[in-house]
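Numbering (UniProt numbering), first residue to last: 1 to 117.
Note that CB positions come from ideal geometry on N, CA and C, so glycine has one too.
One structure is given here, and the rest of the page talks about it.
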Amino acid sequence: MTKLNLHQLNNEERNKILNVLERYYTTQEAKRDRIRQLRERLKILKDKGVIRSHEKPGIRVCSRCRGKLGMFFNTGAICNRCERRVCQSCCQEPRSDGGARYIICNVCSIERMFKLV
Ligand SMILES: [Zn+2]
Ligand SMILES: [Zn+2]
């Protein structure tokens, strides 16, 4: 019989186990909170990125923050994942090993994080 029986333990041991359990549940709770926060942030970012019909197609704007992009400077970058053009502050380059550039926008990076959780 290796089944854990709390009554067979002394107070110190019991407290130790309870502490571990408590810490475990607190972590789970924190994780859930983090996911909820990320979801909300993602929703806000996505809503912002919706292209509105009154916007003229010729004007280049960031697909995420709607900031205007220049023709020569701050032209933005194409996200490798969703293929939207985003400005510098709305994208990141997680891998810069000198190989092919890999750029992902903020929304995609959050979505990618979800898969890791
Ligand atoms: Zn932007
Ligand atoms: Zn993207």
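query                                                                                        : result
Any non-hydrogen atom of ligand 1 closer than 7 Å to C108 Cβ                                 : no
For C79 and I59, believed in contact at Cβ under 8 Å, the rounded distance                   : That pair is no contact at about 19 Å.
As assigned by DSSP and simplified to three states, the class of T39                         : First, the amino acid is wrong: residue 39 is Arg here, not Thr. The answer is helix: DSSP assigns R39 an H, G or I state.
Ligand 2 heavy atom lying under 7 Å from the CB of C82                                       : yes
Burial state of R84, where buried means 16 or more other Cβ atoms lie within 10 Å            : buried
L42 and E111 closer than 8 Å at C-beta                                                       : yes
Euclidean distance between Cα positions of M113 and R14                                      : 37 Å
3 or more residues per run - each beta strand (DSSP E) lying fully within the segment 57-100 : 91-95
Cα-Cα separation, G99 to E93                                                                 : 12 Å
Environment of R64 [buried if 16+ CB atoms lie within 10 Å]                                  : buried
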